[in-house]
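Student:
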Amino acid sequence: MKQSLFPAQSLTAGHWFKLICGASFQHLPAIRDLTLVYSLVGADCIDVAADPAVVTMAQESLTQAEAIARQNPAKFPQWQGKPWLMISLNDAEDPHFRKAFFNPNHCPADCLRPCETVCPALAIDHTGVIGDRCYGCGRCLPICPLGLIEAKNYISSPHIAAEMITTMAIDAVEIHTQAGHFADFQRLWQTLKPVHHHLKLLAISCQDHPDVLSYLEQLLIEIQPLDCLLLWQTDGRPMSGDIGKGTIHASIQFAQKVLQSGLPGYVQLAGGTNNHTFDKLRHLGLLNEGRSPFIAGVAFGGYARKILQPILEKAVEMQPQPLESDPERFDQAIAHATQLINPLKSSLNPSLSL
Ligand code: SF4
Ligand code: SF4
Numbered sequence: 071m072k073q074s075l076f077p078a079q080s081l082t083a084g085h086w087f088k089l090i091c092g093a094s095f096q097h098l099p100a101i102r103d104l105t106l107v108y109s110l111v112g113a114d115c116i117d118v119a120a121d122p123a124v125v126t127m128a129q130e131s132l133t134q135a136e137a138i139a140r141q142n143p144a145k146f147p148q149w150q151g152k153p154w155l156m157i158s159l160n161d162a163e164d165p166h167f168r169k170a171f172f173n174p175n176h177c178p179a180d181c182l183r184p185c186e187t188v189c190p191a192l193a194i195d196h197t198g199v200i201g202d203r204c205y206g207c208g209r210c211l212p213i214c215p216l217g218l219i220e221a222k223n224y225i226s227s228p229h230i231a232a233e234m235i236t237t238m239a240i241d242a243v244e245i246h247t248q249a250g251h252f253a254d255f256q257r258l259w260q261t262l263k264p265v266h267h268h269l270k271l272l273a274i275s276c277q278d279h280p281d282v283l284s285y286l287e288q289l290l291i292e293i294q295p296l297d298c299l300l301l302w303q304t305d306g307r308p309m310s311g312d313i314g315k316g317t318i319h320a321s322i323q324f325a326q327k328v329l330q331s332g333l334p335g336y337v338q339l340a341g342g343t344n345n346h347t348f349d350k351l352r353h354l355g356l357l358n359e360g361r362s363p364f365i366a367g368v369a370f371g372g373y374a375r376k377i378l379q380p381i382l383e384k385a386v387e388m389q390p391q392p393l394e395s396d397p398e399r400f401d402q403a404i405a406h407a408t409q410l411i412n413p414l415k416s417s418l419n420p421s422l423s424l
């Protein structure tokens, strides 16, 4: 088992912050900038699509983040080293692993284009859905008055994933599964098992279900002996954190259930996380503030992207100039990301308190 102190320590201390770029998100300029900014403010893990081009871009961005942090240690006190790079896989159909599509030639000229307005990823224009930008949130699917928009689901290839783990210095893998999908999980795990010793962390992401605890116990037996750390991602309301307050409840309830069950492994929230999440967790005594059990951390996807989107989109328009060459936008992005991560990190380092 390979271990580097910094992200593993965050799990133990309950300060783990994961950036979810998106299991289906392949927009390379945005992945580059999101990875750069959140790494510099102290993210522990960057979770990306299991796509070699995406992984290569994220790795280049991590190298750039390291160079910037080393040149400016006073400006980036949160930097402790490169975060772990995670790829996300699914064992069966899952909303995180899909893309919307429609034929724009079938759209009436007078359509007010609600699909374009509702898309949080700016993934729809006159050409239809821009595949790289679509991360499968599904908000456009019911909104077309003509019902033109459909979703195309896909399932990760276990063999491609295994090859990436052995050849691309991937630190962590997340498997998205659901209660009742044991045979699908087994099929995927049988291919990953022989190479999983390359990993530092295995995350299993699941949604709540009346039988979920017995399902997770079944998975726990299946993955033994495990040669890396284990994390349960309690997925609440997928891809909804940018919608507003109240989206986190399902993830918290599920996390409480897993914590109370005493299952071995870290517990991390996802699905509906945003800037309101910490207040709720603190109120419920689920942060590491003297009471036990506590959660290991929180993953942020849609909300983390949303707060940077206006800044990053302008930077993308100005390419080939990279974000960090524009001090005003770069500093704005760092400030926004710092504001999101600091409530989780501040008890580790009181100087980070807001
Ligand atoms: S609304 Fe969601 S599913 Fe539809 S195109 Fe945008 S990102 Fe994709
Ligand atoms: S809402 Fe439907 S008809 Fe209108 S632009 Fe979007 S896909 Fe086309």
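The letter at position 21 of the sequence shown is residue 91 when you use our numbering, and the numbering goes up by one with no holes.
Where is the CB? At the ideal position from N, CA and C, for every residue including glycine.
If I measure Cβ to Cβ from A320 and keep anything under 6 Å in the same chain, skipping five residues before and after, which residues do I get?
Tutor: For A320, where only same-chain residues beyond five positions count, the Cβ hits under 6 Å are G306, R307.
Student: Who are the near neighbours of R203 in its chain, counting only those whose CB is closer than 7 Å to its CB and skipping five residues on each side?
Tutor: Excluding sequence neighbours, R203 sits near H97, A191, L192, A193.
Student: Report the rounded CA-to-CA distance for M309 versus H166, giving the unit in angstroms.
Tutor: Each residue's Cα considered, the two are about 8 Å apart.
Student: With H, G and I counted as helix, E and B as strand and the rest as coil, what does DSSP make of L422?
Tutor: A caution first: L422 carries a pLDDT of 45, below 50, which makes its placement in the model unreliable, though a value can still be read off. DSSP places L422 in helix when its eight states are reduced to three.
Student: Compute the minimum distance between the beta carbon of F172 and the heavy atoms of ligand 2, and state whether it is under 8 Å.
Tutor: True, at least one ligand heavy atom lies under 8 Å from that Cβ.
Student: For R361, does the count of other Cβ atoms within 10 angstroms reach 16, so buried, or fall short, so exposed?
Tutor: Exposed, by the Cβ-count rule.
Student: Could you give the first and the last residue of the continuous beta strand (DSSP E) run that contains C115?
Tutor: From DSSP, the beta strand (DSSP E) with C115 extends over 115-119.
Student: Below 8 Å, is the gap between the Cβ of R183 and the nearest heavy atom of ligand 2?
Tutor: Yes, the Cβ of R183 comes within 8 Å of a heavy atom of ligand 2.
Student: Which partner residues does W86 have in the DSSP bridge list?
Tutor: In DSSP, W86 forms a bridge with G367.
Student: Would you kindly check if the distance between the Cβ of G367 and the Cβ of Q338 is under 9 Å?
Tutor: Against a cut-off of 9 Å, the Cβ pair of G367 and Q338 comes out as a contact.
Student: Shorter than 8 Å, the distance from the beta carbon of P178 to the closest heavy atom of ligand 2, or not?
Tutor: Under cutoff, so the answer is yes.
Student: Alpha carbon to alpha carbon, what distance is there between K270 and Q73?
Tutor: In this prediction, Q73 scores a pLDDT of 49, lower than 50, which makes its location untrustworthy; no coordinate-derived value is stated.
Student: For my contact list, A232 and L262 are in at a C-beta cut-off of 8 Å; report their separation, rounded to the angstrom.
Tutor: Indeed they touch by this definition, with Cβ atoms about 6 Å apart.
Student: I want to check one thing, is the minimum distance from the CB of C115 to the heavy atoms of ligand 2 below 8 Å?
Tutor: Every heavy atom of ligand 2 is 8 Å or more from the Cβ of C115, so no.
Student: Spatial neighbours of G342 within its chain, please: C-beta separation below 7 Å, excluding the five flanking residues on both sides.
Tutor: Cβ within range, chain order: G306, R307, S310, G311, T317, I318, A320, S321.
Student: Which first and last residues belong to the beta strand (DSSP E) in which R168 is found?
Tutor: From DSSP, the beta strand (DSSP E) with R168 extends over 168-171.
Student: Taking the CB atoms as reference points, tell me whether Y205 and P153 lie closer together than 9 Å.
Tutor: It is not a contact, given that the beta carbons lie outside the stated cut-off.
Student: Along the chain, where does the alpha helix (DSSP H) containing D305 start, and where does it finish?
Tutor: Segment 299-305 is the beta strand (DSSP E) holding D305; no alpha helix (DSSP H) there.
Student: Let me know the secondary structure DSSP gives S158 once reduced to three states.
Tutor: Three-state DSSP puts S158 in a strand.
Student: Just how far apart, CA to CA, sit L354 and A325?
Tutor: Computed Cα separation, rounded: 12 Å.
Student: With respect to the alpha helix (DSSP H) encompassing E287, which residues constitute its N-terminal and C-terminal limits?
Tutor: Per DSSP, E287 belongs to the alpha helix (DSSP H) from 282-292.
Student: Is the distance from the Cβ of V265 to the Cβ of T247 below 9 Å?
Tutor: Taking 9 Å as the Cβ cut-off, V265 and T247 do not qualify as a contacting pair.
Student: Quick one: what's K376 bridged to in DSSP?
Tutor: Paired residues: none, contrary to the question.
Student: Just the Cα atoms here: how many angstroms apart are F252 and L289?
Tutor: Whole-angstrom Cα-Cα distance: 7 Å.
Student: Which term fits S421, buried or exposed, when burial requires 16 or more other beta carbons within 10 angstroms of its beta carbon?
Tutor: Residue confidence for S421 is low, a pLDDT of 47 falling below 50, so the modelled location carries little weight and cannot support an answer.
Student: Comparing the CB of I194 with every heavy atom of ligand 1, is any distance shorter than 8 Å?
Tutor: I194 Cβ: within cutoff of ligand 1.
Student: Using three-state DSSP, classify Q338 as helix, strand or coil.
Tutor: The answer is strand: DSSP assigns Q338 an E or B state.
Student: Please confirm whether any heavy atom of ligand 1 lies closer than 8 Å to the CB of R203.
Tutor: Flag set: Cβ of R203 near ligand 1.
Student: Taking 9 Å as the cut-off, decide whether the C-beta atoms of E130 and G151 are in contact.
Tutor: In this structure, G151 does not lie closer than 9 Å to E130 by Cβ.
Student: Is I219 near ligand 1, in the sense that its beta carbon is under 8 Å from a heavy atom of that ligand?
Tutor: Yes.
Student: Could you give the distance in angstroms between the alpha-carbon of L75 and the alpha-carbon of R168?
Tutor: The alpha-carbon atoms of L75 and R168 are separated by roughly 35 Å.
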